[in-house]
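Numbering (the numbering used here), first residue to last: 24 to 338.
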């Protein structure tokens, strides 16, 4: 089987092996102060930011890295999403986040495991998905093989403060608002994965008969907000990765003087908010006011001021 990392590195490099808005990397965040960043993804223009490089726990936002690796495996290897996978013993070690109540030996489709991984904070579904993918890479060590792929994805995207310690957010991993914004841009540029993130609810099936309806934990999902994920834990506080898209616009290109078409998508990441409601308030405000800030800037000639951008690589 072709190594998944090869595909991830190519896609990741083409997306954003990016420059940071701040050059210093803080080892730890002040738990009383949330970290956040909001940007327009196609330009890399940073609209709002604070403590963007502060390293802090991310809770079940780690599940999005799981889903990104799994989706790459599904798409590059042409895996049937209806394929049934079996719950391994290591998947049920975190019972408080085993939201589907999966038991060792249960079966679930790849599609439904992906839904549970993304829409909810289900660690068992995420670990089962990771086992199925990792087993194709290393039959003797599927879990560690999958975690390695998650970290290789992070490196390929330039997520230099991030290290994933487990296949899902039940194992505390650390990242930064800047790094999670890079992951959010990667997800937003994958239509298949973004479609999963935008589902308001879905009914999944366990063992071919047991039906469970899952509701998207992201309360921002609407006609204008189509992703990505929320999380909350004692260590991470309340977190959200959100994205909103508008129709492309035609503007004068300040460099060429000609007309150019500008795609428009905002991403907002909030880590360590004091409450679930506050994370929503902050993200909603960034997505609302971000469009105004974007319109004020677009277009100008300050693209060379790299402190204001997460810049896409040149190819």
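The C-beta atom is built at its ideal place from N, Cα and C for all residues, glycine as well.
Subject >> residue 196 - DSSP class collapsed to helix/strand/coil >> reply: For the purposes of this step, residue 196 is taken as the residue at position 173 of the chain shown. Residue 196 falls in the coil class under three-state DSSP.
Original post:
What's the gap between the Cα of residue 274 and the Cα of residue 66?
Top reply: Indexing the chain shown from 1 puts residue 274 at position 251. Indexing the chain shown from 1 puts residue 66 at position 43. Each residue's Cα considered, the two are about 13 Å apart.
**OP:** Kindly indicate which residue of 291, 141, 299 and 191 has the alpha-carbon position closest to the one of residue 217.
**Re:** Here residue 217 refers to the residue found at position 194 when the chain shown is read from its first residue. Cα-wise, what sits closest to residue 217 is 141.
Original post:
Would you call the segment 187-199 and the segment 75-88 in contact, with 3 or more CB pairs under 8 Å?
Top reply: yes
Original post:
In chain order, what residues of the same chain have a beta carbon less than 6 Å from the beta carbon of residue 165, not counting five sequence neighbours either side?
Top reply: On the chain shown, position 142 is the one that residue 165 refers to. Take residue 165, set aside five residues on each side of it, and the residues of its chain with a beta-carbon closer than 6 Å to its own are 154, 157 and 158, in chain order.
**OP:** Measure the beta-carbon distance from residue 12 to residue 191 and round it to whole angstroms, keeping in mind my assumption that it falls under 8 Å.
**Re:** Any property of residue 12 remains undetermined from this structure, which presents the chain solely from 24 to 338.
**OP:** Would you mind giving the Cβ-Cβ distance between residue 173 and residue 263, rounded to the nearest angstrom? I have them listed as a contact below 8 Å.
**Re:** For the purposes of this step, residue 173 is taken as residue 150 along the chain shown, with counting starting at 1. For the purposes of this step, residue 263 is taken as residue 240 along the chain shown, with counting starting at 1. About 20 Å separates the two Cβ atoms, so there is no contact after all.
Original post:
Hey, quick one: how far does the beta strand (DSSP E) through residue 249 stretch, first residue to last?
Top reply: Sequence index remark: in the chain shown, residue 249 carries index 226 (1-based). Counted as a single uninterrupted DSSP element, the beta strand (DSSP E) harbouring residue 249 occupies residues 248-256.
**OP:** Excluding the 5 residues preceding and the 5 following residue 226 in the sequence, name in chain order all residues of the same chain whose CB lies nearer than 6 Å to its CB.
**Re:** Residue 226 sits at position 203 when you count from the first residue of the chain shown. Excluding sequence neighbours, residue 226 sits near 234 and 236.
**OP:** Would you mind giving the Cβ-Cβ distance between residue 294 and residue 267, rounded to the nearest angstrom? I have them listed as a contact below 8 Å.
**Re:** As a working note, residue 294 is residue 271 in the chain shown. As a working note, residue 267 is residue 244 in the chain shown. Their Cβ separation, rounded to whole angstroms, is 19 Å, which puts residue 294 and residue 267 out of contact at 8 Å.
Original post:
If you draw a straight line from the C-alpha of residue 331 to the C-alpha of residue 68, how long is it?
Top reply: Sequence index remark: in the chain shown, residue 331 carries index 308 (1-based). Sequence index remark: in the chain shown, residue 68 carries index 45 (1-based). Rounded to the nearest angstrom, the two C-alpha atoms are 6 Å apart.
Original post:
Where in the segment 100-173 do unbroken runs of the beta strand (DSSP E), each at least 3 residues long, occur, reported from the N-terminal end onward?
Top reply: 107-109 and 130-132
Original post:
What span of residues does the alpha helix (DSSP H) with residue 186 cover, start to end?
Top reply: Indexing the chain shown from 1 puts residue 186 at position 163. For residue 186, there is no enclosing alpha helix (DSSP H), as DSSP marks it with neither H nor E.
**OP:** Give the straight-line distance between the Cα atoms of residue 247 and residue 311, rounded to the nearest whole angstrom.
**Re:** In the chain shown, residue 247 corresponds to position 224, counting from 1. In the chain shown, residue 311 corresponds to position 288, counting from 1. Going by C-alpha positions, residue 247 is about 10 Å away from residue 311.
**OP:** Could you name the residues of the same chain whose beta carbon sits closer than 7 Å to that of residue 143, not counting the 5 residues immediately before and after it, in chain order?
**Re:** As a position in the chain shown, residue 143 is number 120, starting the count at 1. Excluding positions up to five away in sequence, the list reads 122, 237 and 240.
Original post:
How big is the Cα-Cα spacing for residue 109 and residue 63?
Top reply: Here residue 109 refers to the residue found at position 86 when the chain shown is read from its first residue. Here residue 63 refers to the residue found at position 40 when the chain shown is read from its first residue. Going by the C-alpha atoms only, they are around 40 Å apart.
Subject >> Coil, strand or helix - residue 56 by DSSP >> reply: Along the chain shown, one-based indexing puts residue 56 at 33. Coil, per DSSP.
Original post:
Buried or exposed: where does residue 319 fall if 16 or more other Cβ atoms within 10 Å of its Cβ makes it buried?
Top reply: What you label residue 319 is simply residue 296 of the chain shown in a count that begins at 1. The residue in question, residue 319, is exposed, as its Cβ has fewer than 16 Cβ neighbours within 10 Å.
**OP:** Confirm, please, whether the CB-CB distance from residue 229 to residue 97 is below 7 Å.
**Re:** Within the chain shown, the letter at position 74 stands for residue 97. Within the chain shown, the letter at position 206 stands for residue 229. No, these two residues do not count as a Cβ contact at 7 Å.
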